[in-house]
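Scroll down for the structure; my scribbles are underneath it.
Protein chains in written order, with this note's numbering: chain A, 1 to 144; chain B, 1 to 650; chain C, 1 to 281.
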């Protein structure tokens, strides 16, 4: 992956709520930094923490996962399962040295376009501010 | 060997003014497996689609990437182009370079770089996409309508007239909703009951409609065409088959303590009661919290006087399960309680009432028999003030939205007042007058010009109760720039339209989304007003947003049309993006089955082993099972690990 | 020990079990090793003592294919791994006769195994017969984790990068773990290749993170992976860190309650959202 001075953020968004919310940010013309690259999944429950591990190993500076608010999952209960998996993954990654601020797990509904834009802006700035930038398990750096 | 065609849309200038589409096109042309790349102003247009079709043929393309607006917009459009070339519609992927790129990125270079990045991901993804085939699912051609107000009634009648069966569920003891509480309706001043009651009777007599009152929805399982719904019918303590609707029970009931819901709490009602005379069905229910027999074991008069032996003190709540193919949510609205407006008396002044309460006062079936009198002392109000926008358009204490109906009904109320009290004074405190419908503006002008209702532009700041029993309304007339105080005998607050108290709970049961105010979300604000994001679940009426009777009727009919169109086929095409187990990799641990919300995974035999197996008809394609499987034994077509890997790892 | 042998003989005699998984002394290695006792005549050689460090449940899937009724000697940690294997339908409880010992700890290199310092359950939750005393559960202090937790984020990565770099991807940890039994291990998946085959830091990191995560709520801290690693990678650190977070967030310790679904399978609507957020404490 091309090593970039700009922080690279992977955003995994559930189709029904968060991805639609991100679309709403677009139709409302809320601007945010171009650092977030969005991948769509049907449900936050589809997100396997292995994808998040891979993202950090491949050099992403931050990972965002967003789904429907608890209680509102389009598929009923997917986000409850996601919540547990992501909570465990978050702490495991921090244990091996990934700063908590590199992992944003949120609930963004289809109506929360502004919230999505703000989240991306805030996250990007946070990553720029992080001092321990080299510790992102980047492949290129690891090939010493 | 993938031969990918990449089509980059300018979307007029929506994309091209920020993203250098020519540069992106030139760059992706060089990527591996890209056999063809072009850009064009409007990819979704007829010429645009023809370009795709021509390119497929000329360059023998077997995969397509369209970089344009959100797939939520036009994926089906482009899939049609593929189908027209006899190509499997699942061999396309879209890069969202408008809503998620050009529209949200200021800097041109950053936007172009991002667009290139997004298109590259989709190019990598699409070559790992396989042909998929939709499956046919049976569907039950019965509709469930939740809510027996005018929207639900209209929907039920339209579906039933279309020769399909309807189950109409209503929480209260009778159909009718808010419209039954209205006296005269704008802009015609039609008698509300007179136009509503025939429809209620039509519903009751329609052979295709099964009415279930005193019932709510407990649980909804399944999916479009195959919903399994549990309906909770509360204990009514009256056998509706035996009851003849004579009303003797309610006339003899000694326990009149509970507020009369139909009359907006303006008086008390007996503990066994028919909500209003024209109720459909005309069967009373017993209020278990205030009935002396049920709480204390005394009284029992209604049982003694009932000529039909219809009283059942031992009645129990029931759960009824039904199978339906489509659901329409039409639960209407509730009027906001203005108690938070302490500056208006906090709902404690007997003659400062809400719009719905005023409606009941002027109704002949109301607490005063239609006499417009003050509830405090029975005197006729000689001066009345109507305050609009109470709880609406108010960021601080109420709702930010406009309730849509108050300008019209306030004009109506003011006119009704003047018809009752011709020499009385009527004032309306307004910020705006919203009367957009057919004959609506003329109606308001009538109030002002013919009935001498005085409109003062200004927000009422305070209502103070005076010692003499009047109410001083402090407001202003901004058009002449002067504060105004009016001593009124009665004040009517146009209190906001809100979602019902159990709206969010129902939304969660149905699995549909709602907005920040609690109104149910339509699938698209412009083009899909009565559908939800959940296939098979539709909306009608004020539960989707404040609206008046004609708009509610329109939505009822629209939702019915959607249902009838759904029921027009014998089978439903179900998306092929469902899960599948590779039994040779499966250890039979069944954790996938445990996390499946739809119970769509069962245990099956594989040689001497037990493994998991997906029941395709039930699977909704969420992928929770795939994320749970550690051993890569289950995959989700369309969102497989393989496809997502290509999108994530560049 | 004596009661164990007496009972084992009785079970053979009454044909309640056909074989027994236990330990026997082996002269060649001057140590005890796992052994499948097939006849009552061998039972006098049955040993369970501080040298019985192995998790015998690892052998059950194969043994239960060949024999209908299998006896097994279980320590507390072994038993907790068995609970999870039964819930996951890996092993059929009906085929097992569990001889649970009141374990007082085992040794690695003649010193008490670190896992025993933190032992929360010294008797197997699956037990047909119990031999020995139940020790009151030690609240796992996770002392070894404290050293890591006290480091800053960059220091922690420096530490683990060194450890992961040692890995040769021999997969001994996976082979010896009774809960690593997938027919198609994610490390062997080709499409997609989440974990690349060669032993370099990036793919080693993927391997260890993935394995620790896959064991979340399932690992019983039998410690065998840590013991067996030929490169002395402190694997227990990772598994304990995950186990600790599961205990703190979900109040569950793997395998302690028979028939209970693992925490990452359970549907928990009431989890507080705080488990997803919050900054580093």
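Backbone N, C-alpha and C fix where the C-beta goes; we use that ideal spot for every residue, glycine too. Since the model is a prediction, treat every value here as computed from it, not as a measurement.
* Asked: Tell me which same chain residues have a C-beta within less than 6 Å of the C-beta of residue 636 (chain B), skipping the five on either side of it?
  -> The residue labelled residue 636 (chain B) in the question sits at position 636 within the second chain. Answer for residue 636 (chain B): 579, 623 and 626, listed in chain order.
* To do: Starting from the Cα of residue 498 (chain B), find the closest Cα among B:17, B:547 and B:454 and give me that residue.
  => Position 498 of the second chain, counted from the first residue, corresponds to residue 498 (chain B). Taking only the C-alpha atoms, the option nearest residue 498 (chain B) is B:547.
* Any idea which residues DSSP pairs residue 43 (chain B) with across the strands? -> Sequence index remark: in the second chain, residue 43 (chain B) carries index 43 (1-based). According to DSSP, which records beta bridges pairwise, residue 43 (chain B) is partnered with nothing at all.
* To do: Would you mind stating whether residue 428 (chain B) and residue 455 (chain B) have Cβ atoms separated by less than 7 Å?
  => Walking along the second chain from the start, residue 428 (chain B) turns up at place 428. Walking along the second chain from the start, residue 455 (chain B) turns up at place 455. A contact, by the Cβ cut-off of 7 Å.
* Span separating the alpha-carbon of residue 13 (chain B) from that of residue 413 (chain B) -> Mapped onto the second chain, residue 13 (chain B) falls at position 13. Mapped onto the second chain, residue 413 (chain B) falls at position 413. Answer to the nearest angstrom: the Cα atoms are 50 Å apart.
* Could you say if the segment 504-521 of chain B and the segment 108-120 of chain B meet the contact criterion of at least three C-beta pairs nearer than 8 Å? => no
* Please confirm if residue 89 (chain C) has its CB atom under 7 Å from at least one CB of chain B. => As a working note, residue 89 (chain C) is residue 89 in the third chain. It does; some Cβ of chain B falls within 7 Å.
* Between which two residues does the alpha helix (DSSP H) harbouring residue 129 (chain A) extend? -> The sequence position of residue 129 (chain A) within the first chain is 129, counting from 1. Start and end: 113-129.
* Asked: Could one say the Cβ of residue 104 (chain B) lies closer than 7 Å to chain A's Cβ atoms, at least one of them?
  -> As a position in the second chain, residue 104 (chain B) is number 104, starting the count at 1. It does: the Cβ of residue 104 (chain B) has a partner Cβ on chain A nearer than 7 Å.
* Asked: Taking a cut of 7 Å between CB atoms, which residues from the segment 496-514 of chain B lie near chain A?
  -> 508, 511 and 513
* Asked: Expressed to the nearest angstrom, what Euclidean distance is found between the alpha-carbon atoms of residue 88 (chain A) and residue 245 (chain C)?
  -> Residue numbering aside, residue 88 (chain A) sits at position 88 when the first chain is read from its first letter. Residue numbering aside, residue 245 (chain C) sits at position 245 when the third chain is read from its first letter. Computed Cα separation, rounded: 7 Å.
* beta strand (DSSP E) segment containing residue 66 (chain A), residue limits -> Reading the first chain from its first residue, position 66 is the one you call residue 66 (chain A). Here the beta strand (DSSP E) through residue 66 (chain A) covers 62-67.
* **Local conformation of residue 524 (chain B) per DSSP, three classes** => On the second chain, residue 524 (chain B) is found 524 positions in, with the first residue counted as 1. Residue 524 (chain B) falls in the strand class under three-state DSSP.
* Host alpha helix (DSSP H) of residue 66 (chain C) (start-end) -> In the third chain, the residue the question calls residue 66 (chain C) occupies position 66. Counting along the chain, the alpha helix (DSSP H) containing residue 66 (chain C) begins and ends at 60-66.
* Asked: Is the segment 32-39 of chain A touching the segment 71-80 of chain A, taking contact as three or more C-beta pairs under 8 Å?
  -> no
* **DSSP beta-bridge partners of residue 573 (chain B)** => For this step, residue 573 (chain B) is matched to residue 573 along the second chain. DSSP lists B:136 as partners of residue 573 (chain B).
* Take residue 202 (chain C) and list the residues in its own chain whose beta-carbon comes closer than 8 Å to its own, dropping the five residues that flank it on each side. => By one-based count along the third chain, residue 202 (chain C) stands at place 202. Around residue 202 (chain C): 196.
* Asked: In this structure, does DSSP put residue 14 (chain A) in helix, strand or coil?
  -> Here residue 14 (chain A) is taken as the residue at index 14 of the first chain, counted from 1. Reduced to three states, the DSSP call for residue 14 (chain A) is strand.
* Mark residue 363 (chain B) as exposed unless 16 or more other C-beta atoms lie within 10 angstroms of its C-beta, in which case mark it buried. => Here residue 363 (chain B) refers to the residue found at position 363 of the second chain. By the 10 Å Cβ count, residue 363 (chain B) comes out buried.
* Asked: For residue 19 (chain C), which residues from the same chain have a beta carbon less than 6 Å from its beta carbon, with the 5 sequence-adjacent residues on both sides left out?
  -> Here residue 19 (chain C) corresponds to residue number 19 of the third chain, with the count starting at 1. The residues are 36, 38, 67 and 70.
* Asked: Using a C-beta cutoff of 7 Å, does residue 89 (chain A) count as contacting chain B?
  -> As a working note, residue 89 (chain A) is residue 89 in the first chain. No, no contact with chain B.
* Who pairs with residue 211 (chain A) in a beta bridge, going by DSSP? -> Given a span of 1 to 144 for chain A in the structure shown, any question on residue 211 (chain A) remains unanswerable.
* To do: Report the residue from B:460, B:52, B:45 and B:315 whose alpha carbon sits nearest the alpha carbon of residue 240 (chain B).
  => As a working mapping, residue 240 (chain B) is identified with position 240 in the second chain. Selected option, being the one with the closest Cα: B:315.
* Asked: What are the residues of the segment 91-102 of chain A that lie near chain C, defined by any Cβ-Cβ distance shorter than 8 Å?
  -> 91, 92, 93, 94, 95, 96, 97, 98, 99, 100 and 101
* Asked: From residue 84 (chain B) to residue 50 (chain B), what does the alpha carbon distance come to, in whole angstroms?
  -> The residue labelled residue 84 (chain B) in the question sits at position 84 within the second chain. The residue labelled residue 50 (chain B) in the question sits at position 50 within the second chain. Straight-line Cα distance between these residues: approximately 10 Å.
* Alpha carbon to alpha carbon, what distance is there between residue 177 (chain B) and residue 74 (chain B)? -> Within the second chain, residue 74 (chain B) is the residue found at index 74, counting from 1. Within the second chain, residue 177 (chain B) is the residue found at index 177, counting from 1. Approximately 39 Å between the Cα atoms of the pair.
* **residue 273 (chain C) versus A:82, A:118, A:129 and A:117, residue with shortest Cα-Cα distance** => As a first step, residue 273 (chain C) must be located in the third chain, where it is residue number 273. Minimum Cα distance to residue 273 (chain C) is reached at A:82.
* Asked: Cα-Cα, which of C:161, C:142 and C:261 is closest to residue 200 (chain C)?
  -> Within the third chain, the letter at position 200 stands for residue 200 (chain C). Taking only the C-alpha atoms, the option nearest residue 200 (chain C) is C:161.
* Asked: Between residue 487 (chain B) and residue 459 (chain B), what straight-line distance do the alpha-carbon atoms span, to the nearest angstrom?
  -> Position 487 of the second chain, counting from 1, holds the residue named residue 487 (chain B). Position 459 of the second chain, counting from 1, holds the residue named residue 459 (chain B). About 16 Å.
* **Contact list for residue 609 (chain B) against chain A, beta-carbon separation under 8 Å** => Residue mapping note: residue 609 (chain B) aligns to position 609 of the second chain, counting from 1. Ordered by position in chain A, no residue passes the 8 Å Cβ test against residue 609 (chain B), which lies about 24 Å from the chain.
* Keeping to the same chain, check which residues put their C-beta closer than 6 Å to that of residue 287 (chain B); ignore five residues upstream and five downstream. => Here residue 287 (chain B) refers to the residue found at position 287 when the second chain is read from its first residue. So the qualifying residues of the chain are 258 and 271.
* Once you ignore the five residues that flank residue 217 (chain B) on each side, which residues in its own chain have a CB closer than 7 Å to its CB? -> The residue labelled residue 217 (chain B) in the question sits at position 217 within the second chain. Excluding positions up to five away in sequence, the list reads 146, 169, 229, 231, 506 and 509.
* Just tell me which of A:109, A:27 and A:63 has its CA closest to the CA of residue 49 (chain A). => Residue numbering aside, residue 49 (chain A) sits at position 49 when the first chain is read from its first letter. The shortest Cα separation from residue 49 (chain A) among A:109, A:27 and A:63 belongs to A:63.
* Asked: Can you tell which of C:150, C:110, C:101 and C:181 has its C-alpha closest to the C-alpha of residue 586 (chain B)?
  -> By 1-based counting over the second chain, the position of residue 586 (chain B) is 586. It is C:181 whose Cα lies nearest to the Cα of residue 586 (chain B).
* To do: Determine which residues of the segment 173-199 of chain C have a Cβ less than 8 Å from any Cβ of chain A, and write them out in chain order.
  => 186 and 194
* Asked: When you compare only the Cα positions, how much space is there between residue 21 (chain B) and residue 80 (chain B)?
  -> Residue numbering aside, residue 21 (chain B) sits at position 21 when the second chain is read from its first letter. Residue numbering aside, residue 80 (chain B) sits at position 80 when the second chain is read from its first letter. Cα to Cα, residue 21 (chain B) sits roughly 24 Å from residue 80 (chain B).
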